[in-house]
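Student:
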Amino acid sequence: MSRKISTAAKSPAAIKTPEHLKGIKGFSAKEMAGLLSNHPLPCFLALSLLFFMGVEYTLRMVPSSSPPLDIGFLLTERFHGFLAVRPELNSFLAALNTVFVGMQVVYIVWALMVEGRPRATIAALFMFTCRGVMGYATQLPLPQGFLGSGVDFPVGNVSFFLFFSGHAGGAVIASLDMRRMRRRRLAMAFDVLNCLQALRLLVTRGHYTIDLAAGIGAGFACDVLSGMYEERNSKPSGRSDDEVYRPCSCKCM
Numbered sequence: 003m004s005r006k007i008s009t010a011a012k013s014p015a016a017i018k019t020p021e022h023l024k025g026i027k028g029f030s031a032k033e034m035a036g037l038l039s040n041h042p043l044p045c046f047l048a049l050s051l052l053f054f055m056g057v058e059y060t061l062r063m064v065p066s067s068s069p070p071l072d073i074g075f076l077l078t079e080r081f082h083g084f085l086a087v088r089p090e091l092n093s094f095l096a097a098l099n100t101v102f103v104g105m106q107v108v109y110i111v112w113a114l115m116v117e118g119r120p121r122a123t124i125a126a127l128f129m130f131t132c133r134g135v136m137g138y139a140t141q142l143p144l145p146q147g148f149l150g151s152g153v154d155f156p157v158g159n160v161s162f163f164l165f166f167s168g169h170a171g172g173a174v175i176a177s178l179d180m181r182r183m184r185r186r187r188l189a190m191a192f193d194v195l196n197c198l199q200a201l202r203l204l205v206t207r208g209h210y211t212i213d214l215a216a217g218i219g220a221g222f223a224c225d226v227l228s229g230m231y232e233e234r235n236s237k238p239s240g241r242s243d244d245e246v247y248r249p250c251s252c253k254c255m
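Per this note's numbering, residue 3 is the first one in the sequence shown, and the count goes up by one each step.
1) With Tyr210 and Leu142 assumed to form a contact (beta carbons below 8 Å), what rounded beta-carbon distance in angstroms separates them?
2) Would you report the Cα separation of Leu149 and Thr206, rounded to the nearest angstrom?
3) Applying the 10 Å Cβ sphere with the 16-neighbour rule, what's the burial state of Gly147?
4) Let's test the definition: count the other Cβ atoms within 10 Å of the Cβ of Lys24 and tell me whether it reaches 16, buried, or not, exposed.
5) Could you check if Ile26 is buried or exposed, using at least 16 other CB atoms within 10 Å of its CB as the buried criterion?
6) Closest to Ala189 by C-alpha separation, out of Phe163, Tyr109, Thr123, Met136, would be which residue?
7) Given 8 Å as the limit, is there contact between the stretch 127-140 and the stretch 181-198, that is, 3 or more CB pairs closer than that?
8) Thinking just about the alpha-carbon of each residue, which of Ser236, Ser167, Cys224 is nearest to the one in Leu214?
9) So, with DSSP's three-state summary, where would you put Val57?
10) Between which two residues does the alpha helix (DSSP H) containing Asp225 stretch?
11) For the stretch 30-46 and the stretch 171-184, state whether three or more C-beta atom pairs, one from each stretch, are separated by less than 8 Å.
12) Which whole-angstrom value describes the C-beta separation of Gly172 and Ala126, a residue pair presumed to lie in contact below a C-beta threshold of 8 Å?
13) Within this structure, are the beta carbons of Ile212 and Val174 separated by less than 8 Å?
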């Protein structure tokens, strides 16, 4: 007696989707809205990826005989021309920038020598060592129209690495350390001065835009590396160096 074979096709509702395939077929409008509201940053980054993929594959390459195309230089072209015919103002701003660099150094050394917290110093050592390696490995041409000054840092602008900006990175390291110590007002002041410093470096053609962006990123990255080093070599008591010294509870900073 032969078995009766059913030829009726199974309905789509009867077919179960495997667990690992759920969410692959697509999203409903409600699910898409939920994704955008719950994860706005990844969605924005995904759209940015698609946008810049299109830009990268359609842009016209800069000829090797031409200077680099720098958007920051284009945006500050008018200010560059204004400063180019006023060398006294250029030197004054350079002197102020040198004072700001000195403030970064004094704070980082103070944190180490007076407060006994080496994290900012270790981060600076990480950053400037990495900057030296990268700056020597790929030596970028000095931007056209560079406005140097004898009172700028490095003193006299005799020679320096362009990639990446130690000015910007050092300010970020100091600012992050201030925030850890709850010196928020001082940190905000350093952030504002760092923005003004970056603007001046673009106007004077002392750095390319990519130098400044990479310098800020390097400051964050080296601060994280320094924190990892501290955690690995933490004290037997289990306290981090940031907990050894606590500023006063008043809002004097």
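In this text, a Cβ means the ideal position worked out from N, Cα and C, and glycines have one as well. Quantities reported herein were computed from a predicted structural model and do not represent experimental measurements.
Tutor: Looking at the coordinates:
1) Here residue 210 refers to the residue found at position 208 when the sequence shown is read from its first residue. Here residue 142 refers to the residue found at position 140 when the sequence shown is read from its first residue. About 7 Å separates the two Cβ atoms, so the contact holds.
2) Working through the sequence shown from its first residue, we reach residue 149 at position 147. Working through the sequence shown from its first residue, we reach residue 206 at position 204. Near 5 Å, if we compare the C-alpha coordinates of Thr206 and Leu149.
3) Numbered from 1 along the sequence shown, position 145 holds the residue referred to as residue 147. So Gly147 ends up on the exposed side.
4) For the purposes of this step, residue 24 is taken as residue 22 along the sequence shown, with counting starting at 1. Only weak support exists for where Lys24 lies, its pLDDT of 47 falling under 50; the coordinates are left without a value.
5) Taking the first residue of the sequence shown as position 1, residue 26 is located at position 24. Low per-residue confidence applies at Ile26: pLDDT is 43, beneath 50, and the placement is therefore not dependable, though the value from the model is reported in the following sentence. Under this definition Ile26 is an exposed residue.
6) Along the sequence shown, read from residue 1 onward, the residue named residue 189 stands at position 187. Comparing Cα positions, the closest option is Tyr109.
7) no
8) Mapped onto the sequence shown, residue 214 falls at position 212. Comparing Cα positions, the closest option is Ser167.
9) Within the sequence shown, residue 57 is the residue found at index 55, counting from 1. Val57: helix per DSSP, three-state reduction.
10) Working through the sequence shown from its first residue, we reach residue 225 at position 223. Segment 211-234, the alpha helix (DSSP H) holding Asp225.
11) no
12) Stepping through the sequence shown from its first residue, residue 172 is reached at position 170. Stepping through the sequence shown from its first residue, residue 126 is reached at position 124. Right, their Cβ atoms sit about 6 Å apart.
13) By 1-based counting over the sequence shown, the position of residue 212 is 210. By 1-based counting over the sequence shown, the position of residue 174 is 172. The answer is no: Cβ separation not under 8 Å.
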